[in-house]
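Below you'll find the structure, written out as structure tokens, and then a few comments.
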Amino acid sequence: MNFHFSKEQEALRDRVVAFCAAHCPTEGEARRDRHPAYPAELHQAMATAGILGHCLPAAYDGGGGGTVDLCVINEEVARHSTSASNILFVNGICGALIGLAGSEEQKQRYVRGIAGGGVRFAFALTEPGAGSDAAAIQLGAVRDTDGYLLNGTKLYTTGAADADFILTAARTATEGKASRGTSLLIVPRQSAGLTITPLDKIAGNDVASCRIEYRDVRVARDACLGGENQGWSFLMLGGGLERLTVAASCVGLARAAFEEALAYVNTREQFGQPVARFQAIQHQLADMATRIEAMRLLTYSAAWKIAQGLPAIKEVSMAKVFAAEGVNEIVMNGMRLLGAKAYLNETPMQRRMRESLLALYAGGTCEIQRNVIARSLGL
Ligand SMILES: Cc1cc2nc3c(=O)[nH]c(=O)nc-3n(C[C@H](O)[C@H](O)[C@H](O)COP(=O)(O)OP(=O)(O)OC[C@H]3O[C@@H](n4cnc5c(N)ncnc54)[C@H](O)[C@@H]3O)c2cc1C
507 MNFHFSKEQE
517 ALRDRVVAFC
527 AAHCPTEGEA
537 RRDRHPAYPA
547 ELHQAMATAG
557 ILGHCLPAAY
567 DGGGGGTVDL
577 CVINEEVARH
587 STSASNILFV
597 NGICGALIGL
607 AGSEEQKQRY
617 VRGIAGGGVR
627 FAFALTEPGA
637 GSDAAAIQLG
647 AVRDTDGYLL
657 NGTKLYTTGA
667 ADADFILTAA
677 RTATEGKASR
687 GTSLLIVPRQ
697 SAGLTITPLD
707 KIAGNDVASC
717 RIEYRDVRVA
727 RDACLGGENQ
737 GWSFLMLGGG
747 LERLTVAASC
757 VGLARAAFEE
767 ALAYVNTREQ
777 FGQPVARFQA
787 IQHQLADMAT
797 RIEAMRLLTY
807 SAAWKIAQGL
817 PAIKEVSMAK
827 VFAAEGVNEI
837 VMNGMRLLGA
847 KAYLNETPMQ
857 RRMRESLLAL
867 YAGGTCEIQR
877 NVIARSLGL
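Encoded structure:
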């Protein structure tokens with residue numbers, strides 16, 4: 507057994523840490539939290555530094571990185587910047603799906619575009635009536651002479667308002683199971699008939715999550731990714747990558763909260779000494795550090811299993827649910843350790859608390875992860 511990262515993975519981590527130190531200052535995060543606007547410069551800088559494309563296929567300007575690299579990048583990015591984390595998340599999933607399912611022409615255009623930063627994507631699966639039950643999607647794509655006509659509504663599509671394309675899951679066969687009648691369609695954001703409305707979130711409004719109305723939106727036949735009615739299996743693969751990515755991001759965000767709390771208790775003095783000297787405080791920090799270590803181990807062992815080609819559906823869900831609940835617990839502890847200071851908007855902890863809540867839903871809720879784990883136990 508070997509729990510060490512390779513030299514290349516260590517170098518990758520150093521590169522991402524250096525990038526974040528240069529491009530993701532805490533003040534920038536706080537500014538975007540208060541005055542949200544799409545961080546286009548940060549997006550382009552991530553592409554130029556090879557971070558956005560690192561886990562996309564090397565044949566299309568990506569770095570060819572695997573699932574462990576994916577976790578290394580997402581952990582470090584989330585430790586510094588939720589804006590960067592959200593950009594990486596949606597573009598990474600879309601790029602991975604196009605890399606897996608796309609035609610040569612689609613890969614040349616879109617995977618290269620995502621890696622280079624010139625093409626931005628958003629991923630639209632969830633609908634008003636289809637959240638955890640993704641198979642209930644209703645948005646329809648009807649074949650006509652030279653393409654598809656789309657009608658329906660998507661909800662929470664992150665990055666849609668500033669994307670060039672929206673990778674849209676649609677029913678192309680209305681009869682029968684969604685698993686046999688779902689297609690993935692690449693819809694240009696500027697398409698006639700598309701209305702995109704940003705939703706007012708409690709955090710992360712710079713990368714807006716949107717409601718999208720599709721009214722007679724026409725796309726060409728070659729907008730279909732991976733074949734008509736073949737989208738479901740790719741959605742399942744994408745879902746696994748999403749969960750792993752969320753788990754790694756939780757580790758990074760939890761570390762940020764832990765570091766903020768540790769620094770504070772070492773400097774804040776009460777009763778004539780730093781509060782870090784009180785054993786009650788030390789125990790809280792010991793528990794937080796232990797939880798983070800366990801979150802990391804579950805996440806990276808799931809990533810390692812996937813990289814070895816081993817089945818890891820259960821392990822990915824275990825990592826995701828443990829990390830999502832873990833980061834929320836750790837940030838809430840951070841709120842306590844900072845005392846009243848945590849309650850002020852000038853302190854990053856309160857932003858981290860709002861940001862950490864997303865992990866409870868993104869990539870599927872904790873209840874859904876437990877359902878997956880229970881199923882794998884034969885229940
Ligand atoms: C900020 C944000 C960004 C998002 N970005 C995107 C995006 O870019 N693209 C996209 O497609 N989606 C996105 N989503 C949607 C996200 O994937 C969904 O929120 C998630 O799948 C859960 O769906 P829901 O919110 O409709 O909850 P629901 O499915 O309505 O669930 C409500 C509650 O019931 C529970 N529940 C539901 N079914 C079961 C069950 N079978 N067993 C036990 N409990 C159950 C849930 O766990 C939850 O507690 C985003 C969401 C948020 C908040």
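Mapping of the sequence shown onto the working numbering: residues 507 to 885, in sequence order. Don't be surprised by glycine CBs; every beta carbon is placed ideally from N, CA and C. Just so it is clear, the structure is predicted and the values come from calculations on it, not from any experiment.
Asked                                                                                                                                                                                             : Found
So within the segment 757-816, which uninterrupted alpha helix (DSSP H) runs reach at least 4 residues, ignoring any that extend past its ends?                                                   : 785-813
Along the chain, where does the beta strand (DSSP E) that runs through D650 open and close?                                                                                                       : 646-650
Tell me the start and end of each unbroken alpha helix (DSSP H) in the segment 538-565 that is at least 4 residues and wholly inside, in chain order.                                             : 546-554
Quick one: what does DSSP say D567 is sitting in, helix, strand or coil?                                                                                                                          : coil
Sorted by chain position, which residues of the same chain lie with C-beta nearer than 6 angstroms to A602's C-beta, five sequence neighbours on each side aside?                                 : L747
Go through its chain and collect everything with a Cβ distance to Y566's Cβ below 6 angstroms, but skip five positions before and after it.                                                       : K613, V617, R618
Measure the C-alpha to C-alpha separation of V522 and G682 and round it to an integer number of angstroms.                                                                                        : 46 angstroms
I need the DSSP call for R717, collapsed to helix, strand or coil.                                                                                                                                : strand
Does DSSP put I593 in a helix, in a strand, or in coil?                                                                                                                                           : helix
Let's see if you can read the secondary structure: which residues bound the alpha helix (DSSP H) around L576?                                                                                     : 573-586
Taking the alpha carbon of S587 as the point to measure from, which residue in R537, I620, E610, T573 has its own alpha carbon closest?                                                           : R537
Which parts of the segment 848-877 are runs of the alpha helix (DSSP H), unbroken and 4 residues or longer, counting only runs that do not cross its ends?                                        : 854-862
Hey, which unbroken runs of the alpha helix (DSSP H) at 4 residues or more fall wholly within the segment 595-665?                                                                                : 618-622
Check whether the Cβ of V596 lies closer than 7 angstroms to any heavy atom of ligand 1, and answer yes or no.                                                                                    : yes
Look at the Cβ atom of G840, then the Cβ atom of A786, and state whether they are nearer than 8 angstroms.                                                                                        : no
Within 10 angstroms of its Cβ, does A590 collect 16 or more other Cβ (buried), or is it exposed?                                                                                                  : buried
Could you check whether the segment 862-878 touches the segment 790-798, counting it as contact only if at least three pairs of C-beta atoms, one from each stretch, sit closer than 8 angstroms? : no
Could you give the residue range of the beta strand (DSSP E) that holds R727?                                                                                                                     : Here R727 belongs to no beta strand (DSSP E), and DSSP marks it neither H nor E.
Please name the residue in G845, P854, C872 whose C-alpha comes closest to that of G832.                                                                                                          : C872
Could you spell out the range, first to last residue, of the alpha helix (DSSP H) harbouring R521?                                                                                                : 513-529
Can you list, in chain order, the stretches of the beta strand (DSSP E) that have 3 or more residues and sit fully within the segment 670-724?                                                    : 671-677, 688-694, 700-704
Under the assumption that V725 contacts L691 (Cβ atoms under 8 angstroms), give the Cβ distance between them as a whole number of angstroms.                                                      : 6 angstroms
Assign S715 to buried or exposed, taking buried as 16 or more other Cβ atoms, counted over all protein chains shown, within 10 Å of its Cβ.                                                       : buried
Could you tell me whether any non-hydrogen atom of ligand 1 is closer than 7 angstroms to the CB of I643?                                                                                         : no
What is the rounded straight-line gap between the Cα of G699 and the Cα of W810?                                                                                                                  : 44 angstroms
Whose C-beta lies closer than 6 angstroms to the C-beta of D668 among residues of the same chain, with five residues either side of it excluded?                                                  : Y544
With a CB to CB cut of under 7 angstroms and the five nearest residues on each side skipped, what residues in its chain are close to V596?                                                        : F627, A628, F629, T664, G665
So, for R749: in the same chain, excluding its five sequence neighbours on each side, which residues have a beta-carbon less than 6 angstroms away from its beta-carbon?                          : V822, K826, G869
In the DSSP assignment, the alpha helix (DSSP H) including L843 goes from what residue to what residue?                                                                                           : 819-843
Roughly how many whole angstroms lie between the Cα atoms of N834 and F777?                                                                                                                       : 30 angstroms
Just mark G623 as buried or exposed, buried being the case when its beta carbon has 16 or more other beta carbons within 10 Å.                                                                    : buried
Our contact map puts L791 next to A829 with C-beta atoms below 8 angstroms; I'd like the distance itself, whole angstroms only.                                                                   : Rounded, the Cβ-Cβ distance is 19 angstroms, inconsistent with contact.
Under the rule that 16 or more other beta-carbon atoms within 10 Å means buried, what is I557, buried or exposed?                                                                                 : buried
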